[in-house]
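Engineer:
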Amino acid sequence: PERGAGGVLRIRHRPRRAAGTARLQLHGLHSSGGGMPKISDFPWTQDEIVGLAKQLPTPFHIYDEKAIRDTVRGLNAAFAWCPGFRNHFAVKATPNPYILQVLKEEGCGTDCSSIAELVLSDEMGFRGEEIMFTSNNTPLKEFQKAKELGAVVNLDDLSHVDFLHRRDGLPEMVSFRFNPGPGRTGNVLIGDPKEAKFGCTTEQLVEGYRACKALGVKRFGLHAMVVSCCLKVDEILETARMLFGLAALIKEKVGVHIEMVNLGGGIGIPYRPGEPVMDVAAVGAGVHKVYQELVEAKGLAPVRVVMECGRYITGPHGFLVSRVVHRKRIYKNYVGVDACMANLMRPGMYGAYHHISIFRDDSEHAHLPRRDAQIVDNTRDLITKEPVYDVVGGLCENNDKFAVDRPLEIEPRVGDVAVIHDAGAHGHSMGFQYNGKPRSAEYLYRPDGSVLQIRRAETLNDIFATLDIPGARSFGRGG
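Here is the structure:
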């Protein structure tokens, strides 16, 4: 790679490959046919990814811009039957202004759950009802900011109606989040609905819409988020059926028209080798059929359908690039990388699977142990005799692991590049500074083959910036 003006790296002699030309294919990566997005052919050759890791300090996150755009276009095409369809990208998934600019150009709105996400959306030019604010346990100042921006406010609790009416006035449009309780089952990521802290019961919804109507609210929406990382079309269709039916019930009992139904996000990506790719065209066609049955046939149209997919949009198109820095053999075979749970929390938090590819790097790295250094023979002590590895970071926590008992395509050596796949959502954004680990940089791989830094790496100065070290030095007993 060559570095140009403005921090842009350009991969030498590396134009984007035309459709159908050869790409590096790795075991366990997924692709889909037809017009649907590819999830996810690896965008670089071995030499290119090793070259990037030489130019850019590891660890770092990198996102494939063209693949992100293609995914949004595929989702929009699947719902082209619905006038006004919009995907409100879940900002929490990848809260980077460059990513938001790409998504804005493709017609997305934003889904926000905090004042920081509201401000970021506003700064990037999202306006009014392009922004949806879905929060819980929400301070008044955050509701006020959402109202100031003209965002769609999605209330999580019945008590918010009276609270907002008395303190700041209700917004022009009010939506409620529904929790179906025992009526639906969730999954490991989002939990059992009846155990979840989010949303209102059916009775509370009816009461909430009735109260808002009495207080002068004229426009209404309805939302639910029941499943996460779903790979089954039927589960998304069941959410549509549930919400369209609920809109009819609210019309009957309260006399208000639900003009917008937010199906939530929930469309998943195949993290594991062999998992199916969600057929988004079938999702769109299936929701259309349910819409015709439960909305149009019952005289409830028009209802604008929206979604709030985050993981589906950026997840498969982001990679955490790290380097093998240590090998340890005791009761297990450990592969130490320079990334850690602070760069990608999901495996340690959920036990989530992320595919890992190892790329040979034969160059010398003076700051790393010698490759030919003798490694202890632990054959007698191994718990598992198969050639499997725990891929671990350097935090002082035993759950700082990207993989446990994982077979890898080649045996990792110190200095090799380790790429952790499907890290484009809930990766960098869930980072933290435990053990004083600075969070990594983010880069955007552009359609012209260039690589643009879109967030610099943190430094120790960033970590210490909120501390008063001189004051602490002079601080004594008794003040």
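Just add 968 to wherever you are in the sequence shown, counting from 1, and you've got this note's numbering.
Don't be surprised by glycine CBs; every beta carbon is placed ideally from N, CA and C.
Bear in mind the structure is a predicted one, so any value in this text is a computation, not a measurement.
1. With H, G and I counted as helix, E and B as strand and the rest as coil, what does DSSP make of residue 1404?
2. Where does the unbroken beta strand (DSSP E) through residue 1275 begin, and where does it stop?
3. On the DSSP bridge assignment, give the partners of residue 1386 in chain order.
4. Taking the beta carbon of residue 1238 as the centre, do at least 16 other beta carbons fall within 10 Å, making it buried, or is it exposed?
5. Please report the Cβ distance between residue 1343 and residue 1388, rounded to the nearest whole angstrom; I am assuming they are in contact, meaning their Cβ atoms lie under 8 Å.
6. Checking the sheet assignment: what are the DSSP bridge partners for residue 1058?
7. Are at least three pairs of beta-carbons, each pair with one atom in the segment 1050–1070 and one in the segment 1083–1097, less than 8 Å apart?
8. Could you check the C-alpha separation between residue 1158 and residue 1197 for me, to the nearest Å?
9. Which value, in whole angstroms, describes the spacing of the CA atoms of residue 1341 and residue 1382?
10. Once the 5 residues before and after residue 1393 are set aside, which same chain residues still bring their CB inside 6 Å of it?
11. Could you give the distance in angstroms between the alpha-carbon of residue 1228 and the alpha-carbon of residue 1120?
12. Let me make sure I understand the geometry here. Which of 1257, 1211, 1434 and 1327 has the alpha-carbon closest to that of residue 1291?
13. From this set, 1348, 1300 and 1401, which residue's C-alpha is nearest residue 1360's C-alpha?
14. Starting from the Cα of residue 1308, find the closest Cα among 1331, 1190, 1026 and 1270 and give me that residue.
15. In whole angstroms, give me the CA-to-CA distance for residue 1303 and residue 1294.
16. Mind checking residue 1405: buried by the 16 CB within 10 Å criterion, or exposed?
17. Could you check how far apart the C-beta atoms of residue 1386 and residue 1380 are, in whole angstroms? I think they sit under 8 Å.
18. Decide yes or no for the touch test of the segment 1265–1276 against the segment 1034–1053: beta carbon pairs closer than 8 Å, at least 3 of them.
19. If you scan the segment 1104–1158 from start to end, which runs of the beta strand (DSSP E) of 3 or more residues do you find wholly inside it?
20. Find the nearest neighbour of residue 1028 within the set 1128, 1337, 1305 and 1315, judged by alpha-carbon distance.
21. Suppose you measure from the CA of residue 1167 to the CA of residue 1315; what does that come to, to the nearest Å?
22. Helix, strand or coil for residue 1280? Go by DSSP, reduced to three states.
23. Would you say the segment 1233–1250 touches the segment 1181–1189, given that touching needs at least three Cβ pairs under 8 Å?
24. Within 10 Å of its beta-carbon, does residue 1077 have 16 or more other beta-carbons around it, so buried, or fewer, so exposed?
25. Return helix, strand or coil for residue 1352, following the three-state DSSP convention.
26. Which residue's Cα is closest to the Cα of residue 1234: 1251, 1419, 1226 and 1218?
Structural biologist: Judging by the given coordinates:
1. As a first step, residue 1404 must be located in the sequence shown, where it is residue number 436. In this structure, residue 1404 counts as helix in the three-state DSSP scheme.
2. Here residue 1275 refers to the residue found at position 307 when the sequence shown is read from its first residue. Start and end: 1272–1275.
3. Indexing the sequence shown from 1 puts residue 1386 at position 418. DSSP output for residue 1386 lists 1290 and 1326 as bridge partner(s).
4. The residue given as residue 1238 occupies position 270 in the sequence shown. Buried, because 16 or more other Cβ atoms sit within 10 Å of the Cβ of residue 1238.
5. As a first step, residue 1343 must be located in the sequence shown, where it is residue number 375. As a first step, residue 1388 must be located in the sequence shown, where it is residue number 420. Between residue 1388 and residue 1343 the Cβ distance is about 23 Å, and since that is not below 8 Å, they are no contact.
6. Here residue 1058 is taken as the residue at index 90 of the sequence shown, counted from 1. Its beta-bridge partners are 1079.
7. yes
8. Position 190 of the sequence shown, counted from the start, is the residue given in the question as residue 1158. Position 229 of the sequence shown, counted from the start, is the residue given in the question as residue 1197. With a pLDDT of 46 at residue 1158, under the threshold of 50, the modelled position of that residue is not reliable, and no figure is offered here.
9. Locating residue 1341 in the sequence shown gives position 373, where the first residue counts as 1. Locating residue 1382 in the sequence shown gives position 414, where the first residue counts as 1. Taking the straight line joining both Cα atoms gives about 10 Å.
10. Position 425 of the sequence shown, counted from the first residue, corresponds to residue 1393. Here residue 1393 has 1061, 1062, 1278, 1279, 1282 and 1283 as same chain residues with Cβ atoms under 6 Å from its own Cβ, once five neighbours each way along the sequence are excluded.
11. Here residue 1228 corresponds to residue number 260 of the sequence shown, with the count starting at 1. Here residue 1120 corresponds to residue number 152 of the sequence shown, with the count starting at 1. About 10 Å.
12. As a position in the sequence shown, residue 1291 is number 323, starting the count at 1. Out of 1257, 1211, 1434 and 1327, 1327 has the C-alpha closest to the C-alpha of residue 1291.
13. Working through the sequence shown from its first residue, we reach residue 1360 at position 392. Nearest of 1348, 1300 and 1401 to residue 1360, Cα basis: 1300.
14. Along the sequence shown, one-based indexing puts residue 1308 at 340. The option with the nearest alpha carbon to residue 1308 is 1026.
15. As a position in the sequence shown, residue 1303 is number 335, starting the count at 1. As a position in the sequence shown, residue 1294 is number 326, starting the count at 1. Near 6 Å, if we compare the C-alpha coordinates of residue 1294 and residue 1303.
16. Position 437 of the sequence shown, counted from the start, is the residue given in the question as residue 1405. Classification for residue 1405: buried.
17. Reading the sequence shown from its first residue, position 418 is the one you call residue 1386. Reading the sequence shown from its first residue, position 412 is the one you call residue 1380. Rounded, the Cβ-Cβ distance is 7 Å, consistent with contact.
18. Output reads yes: the segment 1034–1053 touches the segment 1265–1276.
19. 1120–1123 and 1141–1145
20. In the sequence shown, the residue the question calls residue 1028 occupies position 60. Checked all of 1128, 1337, 1305 and 1315; the closest Cα to residue 1028 is 1305.
21. In the sequence shown, residue 1167 corresponds to position 199, counting from 1. In the sequence shown, residue 1315 corresponds to position 347, counting from 1. When only Cα atoms are considered, residue 1167 and residue 1315 end up about 27 Å apart.
22. On the sequence shown, residue 1280 is found 312 positions in, with the first residue counted as 1. In the structure shown, residue 1280 sits in a helix (DSSP, three-state: H, G or I).
23. Under the Cβ criterion (8 Å, minimum of three pairs), the segment 1233–1250 does not count as touching the segment 1181–1189.
24. The residue labelled residue 1077 in the question sits at position 109 within the sequence shown. Flag for residue 1077 reads buried.
25. Here the question's residue 1352 lines up with position 384 in the sequence shown. In the structure shown, residue 1352 sits in coil (DSSP, three-state: anything other than H, G, I, E or B).
26. Numbered from 1 along the sequence shown, position 266 holds the residue referred to as residue 1234. Cα-wise, what sits closest to residue 1234 is 1251.
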